[in-house]
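A.B. asks: One structure, as structure tokens, below. Some questions next.
Pasting the structure below:
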């Protein structure tokens with residue numbers, strides 16, 4: 003990268019051609035990118051490299067807008083033959099996902115609903131028809147295969163007081179009793195993310211496979227624990243693993259008790275794989291989050307990632323090594339100021355491969371398992387998946403200008419692209435170029451941001467601007483492809499887009515992330531003010547008189563806070579699932595630990611902290627038109643917050659519009675609803691930015 007200084011702003015410019023040198027005439031031959039184009043793209047996920055390193059299996063999801071459903075299928079690629087095309091593993095009219103390799107690399111176990119319920123199936127690479135392995139009365143939620151291929155781990159949702167799976171199945175089908183439909187609760191959670199709690203828990207089961215390949219009766223490994231394994235709502239099989247000899251299982255669990263709603267105390271447990279022992283807590287001395295236990299290839303080390311501060315979901319995840327024989331525990335790369343996301347051992351156990359946020363990217367690292375020395379392997383884009391076997395590292399990478407595809411990392415550090423899943427669709431479309439820039443934000447500290455060129459860009463013209471504010475707040479809006487708030491959709495509609503990793507964002511060191519604790523409306527707002535001004539000074543084609551701001555979740559909160567503190571800057575605002583009343587939100591939300599850590603305790607203990615940056619207190623100063631959206635099944639930021647926002651706008655006489663989705667959660671997941679929402683957003687933007 004090279005650095006240029008414009009109007010006192012330091013901008014980072016990619017060495018590849020960018021806006022100034024873009025061939026507009028060539029680009030205009032292609033169509034503008036739309037939300038319909040976004041939804042029709044194939045989505046790659048769940049990369050799994052075979053034990054012999056020859057193949058890469060992955061899941062492809064495709065959305066059918068007309069039927070309003072998505073389908074998933076399994077695909078296979080030989081990374082050593084990059085000129086070859088990936089092929090579908092098992093052709094079926096049903097969904098297939100969660101592929102996990104047989105130890106001999108000759109086939110895959112996977113989940114499918116082709117039998118009428120979600121069960122484990124097996125498909126060999128010789129082309130034979132897939133075989134059903136389990137016939138359980140409940141849907142299988144997750145799957146992992148033992149290193150010797152003689153056992154499976156699966157997750158099932160059961161009623162913990164039931165003696166067997168049939169009992170849970172019967173209870174789920176039970177007709178409500180005539181005495182009434184009321185649910186009774188004696189502890190939180192009452193509801194979580196998108197579901198009312200009905201008493202079921204996710205338990206981890208072990209199934210022994212016979213020599214004929216059939217599964218014996220499952221054994222509940224976590225029956226003794228009052229916990230979900232894997233965790234809810236988004237935990238997967240990264241939270242449980244076999245030891246190399248298959249005799250033990252390590253997993254992550256948080257005891258529910260009466261504190262689940264305000265606790266991040268996940269622990270690592272170990273249990274005999276055949277269920278002959280009770281789970282043993284290995285991290286009881288850490289009251290914070292321990293997760294993703296993984297054994298080294300020789301079984302001598304159990305590694306996991308650990309936070310140090312209770313209730314802080316945005317604390318740094320560090321790698322912890324436990325010597326299985328001696329019990330000694332050490333932190334690997336203790337001084338490395340990055341938070342680990344995914345990680346895995348190299349086949350020889352000498353290194354750890356890991357991904358982290360890093361300066362507006364989500365990159366791949368190699369970490370020496372002895373010294374903790376770190377080395378960047380992939381420096382740009384968003385590495386969403388990776389797999390390693392023998393000498394091969396295959397990874398999935400996306401960027402702001404490209405959805406995820408597979409790449410092969412060579413020994414010399416170069417990479418080769420292995421797939422082009424969406425080439426035929428993207429070659430007909432104009433994908434807008436982008437640039438990363440930096441500026442001196444709050445307290446003159448370096449802050450990173452991105453700017454994206456609009457479709458139809460011409461030198462000398464000015465274009466209306468959208469400022470997109472990411473959620474979290476401890477997340478990063480960096481160089482990766484999104485299927486929710488993708489700036490390409492807005493650029494395709496003719497808007498210039500600016501987004502900023504304000505103080506509190508991840509990938510810039512833990513101190514930068516921690517800096518907004520107790521200051522949600524302070525430093526981030528200051529960075530947005532300075533960053534937007536810096537972008538305007540650097541890129542003269544940004545129209546400073548035509549600007550709207552958009553955000554969801556914390557970004558939606560920021561729209562309400564902008565109404566309170568900076569409403570004279572924007573012609574309109576767009577707010578999805580935003581917090582209106584910080585104080586009331588504490589008693590409505592499901593996951594209370596975020597508020598308690600960020601604001602210094604429960605609301606009844608520190609009420610002033612909850613009022614310090616509360617948009618509710620400043621409604622009298624609101625005056626900017628706002629589009630408000632919310633999902634009625636959102637239990638993280640309950641929809642009453644969106645209703646309240648709209649009520650305040652209407653009572654103040656401010657132009658406003660409300661879109662409520664009865665069947666959506668904190669995220670808009672259904673294709674038709676995504677289309678409706680994005681068309682509402684674009685119509686709202688056009689109303690206020692196209693009519694000057």
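In my numbering, the protein residues as written are 3 to 694.
Every residue, glycine too, gets a C-beta built ideally from N, C-alpha and C.
Where are the beta strand (DSSP E) runs, 3 residues long or more, that stay fully inside the region 453-504, in chain order?
C.D. replies: If we require 3 residues or more, the beta strand (DSSP E) runs fully inside the region 453-504 come out as 465-471, 498-503.
A.B. asks: For residue 334, which residues in the same chain have their Cβ closer than 8 Å to its Cβ, ignoring the five residues on either side in sequence?
C.D. replies: So the qualifying residues of the chain are 305, 320, 321, 322, 323, 354, 369, 371, 374.
A.B. asks: Based on DSSP bridge pairs, tell me the residues matched to residue 404.
C.D. replies: Its beta-bridge partners are 401.
A.B. asks: Sorted by chain position, which residues of the same chain lie with C-beta nearer than 7 Å to residue 36's C-beta, five sequence neighbours on each side aside?
C.D. replies: Here the set comprises 491, 494.
A.B. asks: Checking 7 Å against the spacing of the C-beta atoms, do residue 522 and residue 264 come in under that value?
C.D. replies: Going by C-beta atoms, residue 522 is not nearer than 7 Å to residue 264.
A.B. asks: Mind checking who residue 254 pairs with in its DSSP beta bridge?
C.D. replies: BP columns for residue 254 point to 270.
A.B. asks: What would DSSP say about residue 364, mapped onto helix, strand or coil?
C.D. replies: Here residue 364 sits in strand by DSSP.
A.B. asks: Residue 542: buried (16+ other C-beta within 10 angstroms of its C-beta) or exposed?
C.D. replies: Exposed, because fewer than 16 other Cβ atoms sit within 10 Å of the Cβ of residue 542.
A.B. asks: By DSSP, does residue 263 sit in helix, in strand, or in coil?
C.D. replies: Helix.
A.B. asks: Would you please state the rounded distance, in angstroms, between the beta carbons of residue 91 and residue 59? I believe it to be under 8 Å.
C.D. replies: Contact flag correct, Cβ pair sits at about 7 Å.
A.B. asks: Round the Cβ separation of residue 449 and residue 441 to the nearest angstrom and send it over; I've been treating them as touching at under 8 Å.
C.D. replies: Yes, they are in contact, since the Cβ atoms of residue 449 and residue 441 sit about 6 Å apart, within 8 Å.
A.B. asks: So the candidates are 516, 398, 538, 623; which of them puts its Cα closest to the Cα of residue 467?
C.D. replies: Among 516, 398, 538, 623, the Cα nearest to that of residue 467 is on 538.
A.B. asks: Starting from the N-terminal side, write out each stretch of the alpha helix (DSSP H) that is 4 residues or longer and does not extend beyond the region 626-685.
C.D. replies: Qualifying alpha helix (DSSP H) stretches, in chain order: 642-653.
A.B. asks: Assign residue 562 to buried or exposed, taking buried as 16 or more other Cβ atoms, counted over all protein chains shown, within 10 Å of its Cβ.
C.D. replies: Buried.
A.B. asks: With 16 as the cutoff for other CB atoms within 10 Å, does residue 393 come out buried or exposed?
C.D. replies: Answer is exposed; the Cβ neighbour count stays below 16.
A.B. asks: In this structure, how does DSSP classify residue 234 when only helix, strand and coil are distinguished?
C.D. replies: Reduced to three states, the DSSP call for residue 234 is coil.
A.B. asks: Residue ranges of each alpha helix (DSSP H) run of no fewer than 4 residues wholly in the region 535-607, ordered along the chain?
C.D. replies: With a minimum length of 4 residues, the continuous alpha helix (DSSP H) runs that stay inside the region 535-607 are 556-567, 584-590, 595-601.
A.B. asks: Take the Cβ of residue 198 as the centre, count every other Cβ of all protein chains shown within 10 Å, and call the residue buried at 16 or more, exposed below.
C.D. replies: Result: exposed.
A.B. asks: Where do the ends of the alpha helix (DSSP H) carrying residue 515 lie?
C.D. replies: Start and end: 512-516.
A.B. asks: At a cut of 8 Å, does the region 275-283 reach the region 236-250 through at least three beta carbon pairs?
C.D. replies: The region 275-283 vs the region 236-250: in contact.
A.B. asks: Rounded to the nearest angstrom, what separates residue 455 and residue 687 at their Cα positions?
C.D. replies: Cα to Cα, the separation comes out at about 17 Å.
A.B. asks: Give the DSSP bridge partners of residue 389, in chain order.
C.D. replies: DSSP, once it has assigned bridges, lists 396 as partnering residue 389.
A.B. asks: Less than 6 Å between C-beta atoms, sequence neighbours within five positions excluded: which residues of the same chain meet that for residue 584?
C.D. replies: The answer, listed in chain order, is 612, 616.
A.B. asks: Check whether the Cβ atoms of residue 123 and residue 53 sit closer than 7 Å, and answer yes or no.
C.D. replies: Contact: no.
A.B. asks: Sorted by chain position, which residues of the same chain lie with C-beta nearer than 6 Å to residue 156's C-beta, five sequence neighbours on each side aside?
C.D. replies: Cβ neighbours of residue 156 beyond the five flanking positions: 142, 145, 207.
A.B. asks: Could you name the residues that DSSP lists as bridge partners for residue 244?
C.D. replies: Residue 244 pairs with 251.
A.B. asks: Give a yes or no on whether the C-beta atoms belonging to residue 478 and residue 517 are separated by under 7 Å.
C.D. replies: In this structure, residue 517 does not lie closer than 7 Å to residue 478 by Cβ.
A.B. asks: Which stretch, first to last residue, makes up the beta strand (DSSP E) that contains residue 295?
C.D. replies: Taken as a continuous stretch (DSSP letters only), the beta strand (DSSP E) holding residue 295 covers 292-297.
A.B. asks: With DSSP as the reference, please indicate the residues paired to residue 525 in a beta bridge.
C.D. replies: DSSP output for residue 525 lists no bridge partner at all.
A.B. asks: Does DSSP classify residue 444 as helix, strand or coil?
C.D. replies: If DSSP states are grouped into helix, strand and coil, residue 444 belongs with the helices.
A.B. asks: Any idea which residues DSSP pairs residue 146 with across the strands?
C.D. replies: Paired residue(s): 155.
A.B. asks: By the three-class DSSP mapping on this structure, what secondary structure does residue 284 have?
C.D. replies: Three-state DSSP puts residue 284 in coil, outside helix and strand.
A.B. asks: Would you report the Cα separation of residue 132 and residue 50, rounded to the nearest angstrom?
C.D. replies: So the alpha carbons of these two residues sit roughly 19 Å apart.
A.B. asks: Regarding residue 291 and the ligand GDP, is the C-beta to nearest heavy atom distance less than 6 Å?
C.D. replies: Questions concerning the ligand GDP fall outside what the structure shown contains, since it holds no ligand whatsoever.
A.B. asks: Assuming residue 38 and residue 677 are in contact, meaning their beta carbons sit under 8 Å apart, how far apart are those beta carbons, in whole angstroms?
C.D. replies: 7 Å between Cβ atoms; contact.
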